[in-house]
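Heads up: the sequence shown at position 254 corresponds to 254 in full-length UniProt numbering, and the numbers run straight through without jumps.
Glycine included, each C-beta is placed from N, C-alpha and C at the ideal position.
These numbers come from a predicted model, not from an experiment.
Below is one structure; the comments refer to it alone.
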Amino acid sequence: MEEKDVILEVKDISYFVREKKIIEDISFSLKRGGFYCVIGTNGSGKTTLLKSITNNIELSAGVVKVNGKSIKKYYPKQLAKEMSIVWQHNEFLFDFSAFQVVMMGRMPYQKLLQADSEKDLKIVQEAMEKTNTWHLRNRSIKQLSGGELQRIMIARALTQESPLMLLDEPISSLDIRHQFDVMELLRKINRENGTTIFIILHNLSLALKYSDEIITLKDGHLVHFGKTRDIINKENIQNLFNVDAEIIDKDNIIINK
């Protein structure tokens with residue numbers, strides 16, 4: 001892969017807590033426009049990996065680069081233009097409207113106390129229309145369902161206009177229909193905007209269906225990185241999750257025990 005095609009480079013990163021190794025010696029690179037999924041058991045280091053990439057924790061070793069530049073060399077507003085993040089849990093102290101929450105994604109482009117510009121308003125409306133949330137714009141963020149809230153958070157990420165979107169298990173608390181809705185939305189964003197998607201998932205069938213390439217973690221180590229359909233097989237699922245599984249077609253996995 002040529003350097004110009006790499007949007008994110010993770011090189012030899014480790015994170016220890018009181019000498020306990022949470023993740024260790026992880027390296028990989030993401031190509032622009034790809035759809036990447038991270039899977040692994042609870043405690044395998046998935047969320048710690050995401051926090052490392054997004055500069056939310058201080059690494060014990062290694063470096064993370066976005067567009068060829070260390071994340072440590074970006075100011076927060078600059079980094080927010082390079083990557084957007086959708087966390088699994090979102091809490092708000094104040095009773096914002098859905099529109100106000102989505103507008104927060106424009107903060108990297110605004111000066112302190114600056115009023116929302118016509119451009120900001122246009123971008124927010126387009127993001128909410130793309131995520132099918134425009135009709136929710138005047139609703140309290142605290143009155144939204146889980147699926148509605150996740151679409152709002154994705155809309156906010158879209159308004160950052162970043163080439164890379166990272167998501168931490170955004171569908172884990174949603175029912176099956178809303179899980180598919182969110183995954184279809186992310187695929188649409190990936191294909192239409194060219195946004196690189198990097199998502200942590202628990203659902204193996206959805207990982208198989210939507211991702212181009214997959215990263216597997218076990219005990220804080222990277223085990224596999226490559227084409228999803230090359231990696232998701234009966235043997236690897238057994239080794240990673242200690243369960244018997246059967247891949248019944250290109251999009252579905254049956255867990256036997």
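#### Entry: Beta-carbon proximity list for residue 24, same chain, < 7 Å, skipping 5 on both sides
14, 220 and 221
### Task
Taking residue 194 as the reference, give the member of 213, 165, 51 and 26 with the closest Cα.
For residue 194, the nearest C-alpha among the options comes from 165.
### Query
In the DSSP assignment, what are the bridge partners of residue 178?
Beta-bridge pairing by DSSP links residue 178 to no other residue.
### Message
In the DSSP output, which residue or residues are listed as bridge partners for residue 224?
### Response
216
### Task
For the beta strand (DSSP E) holding residue 36, just list the boundary residues, first then last.
35 to 39
### Message
Tell me which residue opens and which closes the alpha helix (DSSP H) that residue 116 is part of.
### Response
No alpha helix (DSSP H) holds residue 116; DSSP gives it neither H nor E.
#### Entry: Sequence-distant residues of its chain with Cβ nearer than 6 Å to residue 167 (five each side left out)
86 and 199
### Task
Have a look at residue 128 and residue 150 and give me their C-alpha separation to the nearest angstrom.
Roughly 12 Å separates the two Cα atoms.
### Task
Taking 8 Å as the threshold, find out whether the stretch 114 to 134 comes into contact with the stretch 39 to 55 through three or more Cβ pairs.
no
### Task
Can you tell me which of the three DSSP states residue 244 falls into?
coil
### Query
Is it true that the CB of residue 46 sits closer than 7 Å to the CB of residue 217?
Remark: C-beta atoms of residue 217 and residue 46 approach each other more closely than 7 Å.
### Option in 92, 228 and 120 with minimal Cα separation from residue 209
228
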